[in-house]
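Heads up: the protein sequence lines correspond to chains A and B, in order. Count the first sequence with my numbering and you get residues 2 to 223, in order. Count the second sequence with my numbering and you get residues 2 to 223, in order.
Number of protein chains: 2
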Amino acid sequence: MDPQKALVIFSGGQDSTTCLGWAKNRYPQVEALSIDYGQKHRVELTQAAKIARRLGVAHHVLEAEFFGRMVKSALTHPGDVGGAHQDHPGLPASFVPNRNAFFLTLAHAWAQTAGAGVLVMGVSQTDYSGYPDCREEFITAMGRALNLGAEVDIVMEAPLLHLTKAQTFALAQKEGVLAEVLELSHTCYNGVETMNPWGRGCGDCPACGLRRKGWEEYTAAL
Amino acid sequence: MDPQKALVIFSGGQDSTTCLGWAKNRYPQVEALSIDYGQKHRVELTQAAKIARRLGVAHHVLEAEFFGRMVKSALTHPGDVGGAHQDHPGLPASFVPNRNAFFLTLAHAWAQTAGAGVLVMGVSQTDYSGYPDCREEFITAMGRALNLGAEVDIVMEAPLLHLTKAQTFALAQKEGVLAEVLELSHTCYNGVETMNPWGRGCGDCPACGLRRKGWEEYTAAL
Chain A
2 MDPQKALVIF SGGQDSTTCL GWAKNRYPQV EALSIDYGQK HRVELTQAAK IARRLGVAHH
62 VLEAEFFGRM VKSALTHPGD VGGAHQDHPG LPASFVPNRN AFFLTLAHAW AQTAGAGVLV
122 MGVSQTDYSG YPDCREEFIT AMGRALNLGA EVDIVMEAPL LHLTKAQTFA LAQKEGVLAE
182 VLELSHTCYN GVETMNPWGR GCGDCPACGL RRKGWEEYTA AL
Chain B
2 MDPQKALVIF SGGQDSTTCL GWAKNRYPQV EALSIDYGQK HRVELTQAAK IARRLGVAHH
62 VLEAEFFGRM VKSALTHPGD VGGAHQDHPG LPASFVPNRN AFFLTLAHAW AQTAGAGVLV
122 MGVSQTDYSG YPDCREEFIT AMGRALNLGA EVDIVMEAPL LHLTKAQTFA LAQKEGVLAE
182 VLELSHTCYN GVETMNPWGR GCGDCPACGL RRKGWEEYTA AL
């Protein structure tokens, strides 16, 4: 594995676009990996391809739609993304069980194939959606397990882990990808492509709510 | 999750067939999950379906062939299953990077969908093929990470973990599935279906070698 080569788990949203900029400014070789897990808002994959092209990064897409069919989530099946999860009463309807474990397992395998010594992921446990698989404890445990299982030592980087959404906007600006975040990145659970000052989206779903609030805090502090 | 419902990760080989018998004798509800990961010896999936039918267990197959294409392994790409792995010099050519992480992540997600509180896997670190993802340390770390990521408490059972292959034959006999192991289960990496006293297979590949040796030890001690 090459410690100068980073693979970014890239959904095409605000967070992973910011991570792509962050990685580009730190590693000589950067590639992006998107996973089609049967998300209803698959427009994010179209946007991911556009962003990768604009930033000149090789972009791979894994076709794993079966995953969305086998789990229960309002992101992969009909239903309101607002309320509580049908199986996990303490978690939001948009929680996709084992999604980040699935992403990390696939990206960690891809990194071995590609010889990438670094894996970058845009999770945050600060202004997050209440998903337990966005917490540092999970990312650390998963990274350790995956390295044990393959006898490798791939470094996990989660540069947004302790940032608020407002700080993530500031980081995007610092890393030179704020334009990509605002014009191209897609976070909206409803797949709505309306342009707003804070980016594309419906403005009503939990993902848009977090993003808009972060933008207001970011711009208020400028 | 129902602690009386077990999901068995079921390849159709000797070990997971033994686990299916073991689980059937311990849990009121048992289901089996097979994963088509693009293995060359996919005849194991046909055998898995036959064994599940004979044992009266609901059997599900996930179509995830993309996984075999993205990793390097002599089990999913042309090449001799004998020598060393092309990327991992200390491991055998048949090692499939992150395969057990992939299986566990999917089965753990499926268990949440199915409400199964127990996950059973036929890994062994005793008479094993030198795969780091068959060791107890990995299984424990992975189980902990997956439970953390989904805020659940699914119990991982690996009844063969400390058994030799000879002891696994004895366990199959004790659990009442030795006939299924010998007549139907498929372990051979080369996908050869020749019948032998110790079961189906070519007799030459590493998987057949382990199985034959175990059978000889088991029968010598009878």
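For every residue, glycine included, the Cβ atom is placed at its ideal position computed from N, Cα and C.
At the level of alpha carbons, what is the spacing between residue i and residue j?
i: B:Q168; j: B:S125; result: 11 Å
i: A:G84; j: A:F103; result: 24 Å
i: B:C20; j: B:R54; result: 15 Å
i: B:Q48; j: B:I36; result: 13 Å
i: A:S12; j: B:M122; result: 32 Å
i: B:C189; j: B:C203; result: 7 Å
i: A:V58; j: A:A7; result: 11 Å
i: B:H60; j: B:I52; result: 10 Å
i: A:F170; j: B:V62; result: 43 Å
i: B:G215; j: B:E32; result: 27 Å
i: B:I10; j: A:T195; result: 44 Å
i: B:Q5; j: B:H109; result: 16 Å
i: A:S186; j: A:L46; result: 10 Å
i: A:L107; j: A:R100; result: 11 Å
i: A:K73; j: B:E217; result: 47 Å
i: A:A180; j: A:G14; result: 13 Å
i: B:K175; j: B:A222; result: 15 Å
i: A:P98; j: A:R213; result: 26 Å
i: A:H86; j: B:L183; result: 44 Å
i: A:L211; j: A:T127; result: 11 Å
To which residues of the same chain is residue i closer than 6 Å at the C-beta, ignoring the five residues directly before and after it?
i: A:L172; result: T19
i: A:C209; result: C189, G202 and C203
i: A:V1; result: Outside the displayed range of chain A (2 to 223) lies residue 1 of chain A, so it cannot be described from this structure.
i: B:L161; result: D16, G123, S125 and T169
i: B:A159; result: M122, V124 and I140
The alpha helix (DSSP H) spanning residue i covers which residue range?
i: B:Q168; result: K166 to E176
i: A:K25; result: Q15 to K25
i: B:E137; result: E137 to A151
i: A:T47; result: V44 to L56
i: A:V72; result: Unbroken run through A:V72: none, as it is neither H nor E.
i: B:L162; result: Note, B:L162: premise wrong, no alpha helix (DSSP H); not H, not E.
i: A:L185; result: That residue, A:L185, is in no alpha helix (DSSP H); it is neither H nor E in DSSP.
Look up residue i in the DSSP assignment and give the residues it is bridged to.
i: A:S35; result: A:V62
i: A:V9; result: A:A33 and A:V121
i: A:G200; result: A:N197
i: B:D205; result: According to DSSP, which records beta bridges pairwise, B:D205 is partnered with nothing at all.
i: A:A221; result: Paired residue(s): none; A:A221 is not in a bridge.
i: A:D3; result: A:A117
i: B:A85; result: B:P93
If we cut at 8 Å on Cβ distances, does residue i have a partner in chain B?
i: A:K6; result: no
i: A:A180; result: no
i: A:H86; result: no
i: A:F67; result: yes
i: A:Q30; result: no
i: A:A50; result: no
Check whether the Cβ of residue i lies closer than 8 Å to any Cβ atom in chain A.
i: B:K175; result: no
i: B:V72; result: yes
i: B:H89; result: yes
i: B:M157; result: no
i: B:E137; result: no
i: B:M143; result: yes
i: B:H109; result: yes
i: B:D134; result: yes
i: B:L183; result: no
i: B:A151; result: yes
i: B:P79; result: no
i: B:L56; result: no
i: B:Q113; result: yes
i: B:P93; result: no
i: B:T106; result: yes
i: B:P98; result: yes
Can you give me the Cβ contacts of residue i inside the same chain, cut-off strictly under 8 Å, excluding the 5 residues immediately before and after it?
i: B:G131; result: L92, P93 and F96
i: A:M2; result: A112, Q113, G116, A117, G118, V153, D154 and I155
i: B:Y28; result: Q5, K6, A7 and V119
i: A:E66; result: D37, Y38 and G39
i: B:H42; result: L76, H187, C189, Y190, N191 and G192
Along the beta strand (DSSP E) that carries residue i, what are the first and last residues, could you check?
i: A:V97; result: Careful: A:V97 lies outside any beta strand (DSSP E) and carries neither H nor E.
i: A:M157; result: V156 to E158
I'd like the list of long-range same chain contacts for residue i, defined as Cβ closer than 7 Å, with 5 residues on each side in sequence excluded.
i: A:A1; result: Not covered by the structure: residue 1 of chain A. The range shown for chain A is 2 to 223.
i: B:Y219; result: A167, F170 and A171
i: A:V44; result: H187, G192 and E194
i: A:W199; result: R212, R213 and W216
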